[in-house]
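Right, one structure below, let's go through it.
Residue numbers (full-length UniProt numbering): 1 to 78.
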């Protein structure tokens, strides 16, 4: 089953996205902010990340940039 991580700070939007994805038989995990999203992305290893771009503290661009840096560092360690 495809696992999708939804990172969205607005509860209603996040809940609606999760509900729609689960109705289509996707496994979902969700995070209310960018920091939680990064942690879940590293521990749960989703197949796809849907990330809001405009969030307080850590916006979507910073989340995805951070994950890209971590991915590249992990590739270098092998």
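All residues carry an ideal CB built from backbone N, CA and C; glycine is no exception.
For residue j and residue i, the rounded distance between their alpha carbons
i          : j          : result
residue 3  : residue 29 : 8 Å
residue 54 : residue 42 : 21 Å
residue 35 : residue 59 : 9 Å
residue 18 : residue 45 : 17 Å
residue 10 : residue 73 : 31 Å
Beta-carbon gap between residue i and residue j smaller than 8 Å
i          : j          : result
residue 32 : residue 40 : no
residue 21 : residue 49 : no
Own chain, CB closer than 7 Å to residue i, minus 5 neighbours either side, in chain order
i           : result
residue 107 : Residue 107 is absent from the structure shown; the chain starts at 1 and stops at 78.
residue 38  : 63, 66, 67
Spatial neighbours of residue i in its chain, beta-carbon cut-off 8 Å, leaving aside the 5 residues before and after
i          : result
residue 25 : 1
Residues near residue i in its chain [Cβ-Cβ closer than 6 Å; skip 5 each side]
i         : result
residue 8 : 14, 52
Practice prompt. Enumerate, from N- to C-terminal direction, the unbroken beta strand (DSSP E) stretches of 3 or more residues contained entirely within the region 21–66.
Written response: 27–31, 48–51
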